[in-house]
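Student:
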Amino acid sequence: MKTLLAWLLWLWVAVVLWAAFFYAPLAAGFIGQSSRILFFHVPLSWTAFVAFIGAAVWSGLYLVRRQPDDDRAAAVAVELGFVFCVLATVTGALWARIMWGAYWNWDPRQISIILVLIFYGAYLALRGAIEDDEKRARLAAAYALIGIVVTPFFFFIVPRITFSLHPDSVINSRGKIEMESRMVQVLLASFVGDAALFFWMHNLRRRILALRDRRAEGESAVESKSWS
Amino acid sequence: MELGGLGWILIVNLVIWTGLFLYLLRLGKSLRDLERKS
Chain A
4 MKTLLAWLLW LWVAVVLWAA FFYAPLAAGF IGQSSRILFF HVPLSWTAFV AFIGAAVWSG
64 LYLVRRQPDD DRAAAVAVEL GFVFCVLATV TGALWARIMW GAYWNWDPRQ ISIILVLIFY
124 GAYLALRGAI EDDEKRARLA AAYALIGIVV TPFFFFIVPR ITFSLHPDSV INSRGKIEME
184 SRMVQVLLAS FVGDAALFFW MHNLRRRILA LRDRRAEGES AVESKSWS
Chain B
2 MELGGLGWIL IVNLVIWTGL FLYLLRLGKS LRDLERKS
């Protein structure tokens, strides 16, 4: 059943890829085929957002329930969210090179995504700096919980309160989606594919960490037995 | 098909996606085996 679902995801993403290049029309006002980056850049960014908010929720759950699995889930969500966020930054920079003539322009959107990356890079550094499992989980959870404010602020509020050369958000400042319907279809389908891929990878990585922790517990139990 | 055209970009994307997909599928299988053993 799980394998069938995985193959359905393969098919879904393959169709999205085809649709991004051959079904969706080009957007007006963009150079050449550059508007097609939208179908990759925006879903990657939305998935990073989902991952970071997920990390905040799992961190909150950890602080309430103190279950190691919630800590692992939060850490994995940040790791994967970071990767999705880097990919969104790279695809955005490629588009900026075509439209604005340079990969990096210090546009408020670019600055805000870099600040998000620094925020979550610090989370990963924090985890790497503390050896004690319980202390690491507690401090990291408190830090990631702040992300529930930081992430929406940089993803959705900064772009709406600053002047930017970046194209309007999908839901624009008038609260409307002013995009050709086929483009909206491909964009949403691409987001569904990215989100499914995120949850699949999240599940695998979380299970790897659980196995590693179980093995480490087993080894320390054997060690303490041999000492006594 | 024009080299570097949309068709080629689609093929490269499909190859990368299929590679990642097969890797994840294999990883899932290895994990299930390890979980069964432990």
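Protein sequences appear in the order of chains A and B.
The working numbering numbers the first residue of the first sequence as 4 and each following residue consecutively.
The working numbering numbers the first residue of the second sequence as 2 and each following residue consecutively.
By construction, the Cβ of each residue, glycine as well, lies at the ideal position given by its N, Cα and C atoms.
Please read these numbers as outputs of a predicted model, since none were measured by experiment.
Who are the Cβ neighbours of A:L168 in its own chain at under 6 Å, not counting the five residues just before and after it?
Tutor: Here residue 168 of chain A corresponds to residue number 165 of the first sequence, with the count starting at 1. D110, listed in sequence order.
Student: Residues of the stretch 32–65 of chain A with a CB closer than 8 Å to any CB of chain B: list them in chain order, please.
Tutor: Here the close residues are Q36.
Student: Assuming A:L207 and B:L28 make a contact with CB atoms under 8 Å, what is their CB distance in whole Å?
Tutor: Residue mapping note: residue 207 of chain A aligns to position 204 of the first sequence, counting from 1. Residue mapping note: residue 28 of chain B aligns to position 27 of the second sequence, counting from 1. A:L207 to B:L28, Cβ: 6 Å. Contact.
Student: By Cβ distance below 8 Å, which residues in the same chain neighbour A:F156 in space, the five residues on each side in sequence not counted?
Tutor: If you number the first sequence from 1, residue 156 of chain A lands on position 153. So no residue of the chain qualifies.
Student: Listed from N- to C-terminal order along the chain, which residues in the stretch 2–19 of chain B have their beta-carbon within a distance smaller than 9 Å of any beta-carbon of chain A?
Tutor: Cβ contacts with chain A come from L7, G8, I10, L11, N14, L15, W18 and T19.
Student: Spatial neighbours of A:F202 within its chain, please: CB distance less than 6 Å, with the 5 preceding and 5 following residues excluded, ordered by chain position.
Tutor: On the first sequence, residue 202 of chain A is found 199 positions in, with the first residue counted as 1. None.
Student: Counting only Cβ pairs nearer than 7 Å, list the residues of chain B close to A:L207.
Tutor: Here residue 207 of chain A corresponds to residue number 204 of the first sequence, with the count starting at 1. Going along chain B in sequence order, the residues near A:L207 (Cβ under 7 Å) are L25, L28, G29 and L32.
Student: Could you check if A:W13 is buried or exposed, using at least 16 other CB atoms within 10 Å of its CB as the buried criterion?
Tutor: To locate residue 13 of chain A, count along the first sequence from 1; it is residue 10. Result: buried.
Student: Could you check how far apart the C-beta atoms of A:T92 and A:I116 are, in whole angstroms? I think they sit under 8 Å.
Tutor: Within the first sequence, numbered from 1, the residue matching residue 92 of chain A stands at position 89. Within the first sequence, numbered from 1, the residue matching residue 116 of chain A stands at position 113. The pair is a contact, with the Cβ atoms about 5 Å apart (cut-off 8 Å).
Student: How about A:A147 and A:A54: do their beta carbons lie closer than 8 Å?
Tutor: Within the first sequence, the letter at position 144 stands for residue 147 of chain A. Within the first sequence, the letter at position 51 stands for residue 54 of chain A. No, the pair does not count as a contact, with Cβ atoms beyond the cut-off.
Student: Give a yes or no on whether the minimum CB-CB distance between A:D203 and chain B is below 8 Å.
Tutor: For this step, residue 203 of chain A is matched to residue 200 along the first sequence. Note that residue 203 of chain A is Trp in the sequence shown, not Asp. By this cut-off, A:W203 is an interface position.
Student: Using the Cα positions of A:V86 and A:D135, report the straight-line distance between them to the nearest angstrom.
Tutor: Within the first sequence, numbered from 1, the residue matching residue 86 of chain A stands at position 83. Within the first sequence, numbered from 1, the residue matching residue 135 of chain A stands at position 132. Distance between the alpha carbons of A:V86 and A:D135 is about 26 Å.
Student: Compare the C-beta of A:L214 against all C-beta atoms of chain B and say whether one is closer than 8 Å.
Tutor: Position 211 of the first sequence holds residue 214 of chain A. It does; some Cβ of chain B falls within 8 Å.
Student: The alpha helix (DSSP H) that contains B:R88, what's its start and end?
Tutor: The structure shown does not extend to residue 88 of chain B, since chain B spans only 2 to 39, so no value can be given for it.
Student: Tell me whether the stretch 182–200 of chain A and the stretch 34–53 of chain A touch, counting them as touching only if at least three CB pairs, one residue from each stretch, are closer than 8 Å.
Tutor: In short, these stretches touch, since the Cβ pair count reaches three.
Student: Taking only runs of the beta strand (DSSP E) that begin and end inside the stretch 147–208 of chain A, which ones reach a length of at least 3 residues, in chain order?
Tutor: DSSP runs (the beta strand (DSSP E)) wholly in the stretch 147–208 of chain A: none.
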